[in-house]
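Residue 164 in the UniProt record's numbering sits at position 164 of the sequence shown; the count goes up by one each step and never skips. Heads up, the beta-carbon is just placed ideally off N, CA and C, and yes, glycines get one too.
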Amino acid sequence: MTEQMSEADVLAEFRAADALLEGHFVLSSGLHSPRYLQCARVLMDPRRGARLAEALAARLPAAVRGQVTAVVSPAMGGVIAGQEMARALGVEAMFLERPTGVFELRRGFRLVAGQRVLMMEDVVTTGLSSREAIAAIAAAGGETVAAAALVDRSNGAADLGVPFFPLIRLDVPSYPADALPAELAAIPATKPGSRAA
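The following block contains the structure:
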């Protein structure tokens with residue numbers, strides 16, 4: 001496991017990758033925000049992705065690390081983060097897809113009944129995708145013992161129903177479309193996320 005990374009270290013990795021964006025963004029949750037973390041950019045460099053995943057793996061309690069036999073992540077955003085976390089933990093990586101709008105394991109991925117899983121995301125905002133992923137893991141026979149993410153931007157509001165371990169918590173305001181501050185409403189919105197809002 002690697003040395004601990006501070007919040008400043010993690011944000012430095014995002015800035016170095018031009019992955020901390022300013023503007024007007026429609027998040028996967030449908031909320032609007034003046035800041036966006038483009039995890040795909042920070043994970044483009046496998047060395048950076050490995051550093052972040054190793055730092056997060058080091059923060060997981062030993063009891064969690066000792067139980068997990070697979071990391072399962074939701075596509076699209078969580079795939080690389082999940083792969084890197086699985087590498088850091090020395091376990092299998094799988095991902096969920098939504099071919100019909102509901103997450104499911106495909107491509108020959110299978111969980112053994114009762115298999116203990118870490119659900120890994122890149123960013124958690126409302127927790128909806130995470131909860132849907134955890135439900136899909138249960139439907140496939142797995143048991144989610146914990147969830148992890150590179151970034152928790154839920155402002156403490158995401159309840160995933162399992163212990164949740166983010167690498168950093170970043171409190172960034174987000175607003176429903178009908179309650180935008182004037183300065184944000186004046187900027188054309190872009191939609192960088194992976195879920196149709």
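Margin query: Less than 7 angstroms between the C-beta atoms of Val162 and Ala146, yes or no?
Written below: yes
Check: In the UniProt domain "Phosphoribosyltransferase" (50-157), which residue ranges form an unbroken alpha helix (DSSP H) of at least 4 residues, counting only runs that do not cross its ends?
Finding: 62-67, 78-89, 128-139
Note to self: Quick check: what's the CA-CA separation for Thr190 versus Val26?
What the structure shows: Their Cα atoms are separated by approximately 6 angstroms.
Check: Got a sec: is the Cβ-Cβ distance from His24 to anything in chain C below 7 angstroms?
Finding: Of the protein chains in the structure, only one exists, and it is not chain C.
Check: Expressed to the nearest angstrom, what Euclidean distance is found between the alpha-carbon atoms of Arg59 and Pro181?
Finding: For Arg59 and Pro181, the distance between alpha carbons rounds to 36 angstroms.
Notebook entry, point to check: Assuming Thr144 contacts Val117 under a Cβ cut-off of 8 angstroms, what Cβ separation, rounded to an integer in Å, is found between them?
Noted result: Their Cβ separation, rounded to whole angstroms, is 5 angstroms, which keeps Thr144 and Val117 in contact under 8 angstroms.
Next item on the list: Tell me, please, which residues DSSP counts as bridged to Ile187.
Entry: Per DSSP, none; premise fails for Ile187.
Item checked: Opening and closing residue of the beta strand (DSSP E) in which Val26 lies -> 20-26
Item checked: Alpha-carbon to alpha-carbon, Ile187 and Ala55 -> 36 angstroms
Checklist line | Contact under 7 angstroms by Cβ, Pro34 with Leu150 | finding: no
Notebook entry, point to check: So who's on the other strand from Ser33, going by DSSP bridges?
Noted result: Phe25
Notebook entry, point to check: Are the CB atoms of Phe109 and Ser73 nearer to each other than 7 angstroms?
Noted result: Inclusion of Phe109 and Ser73 in the CB contact set at 7 angstroms is not warranted, their separation being larger than that value.
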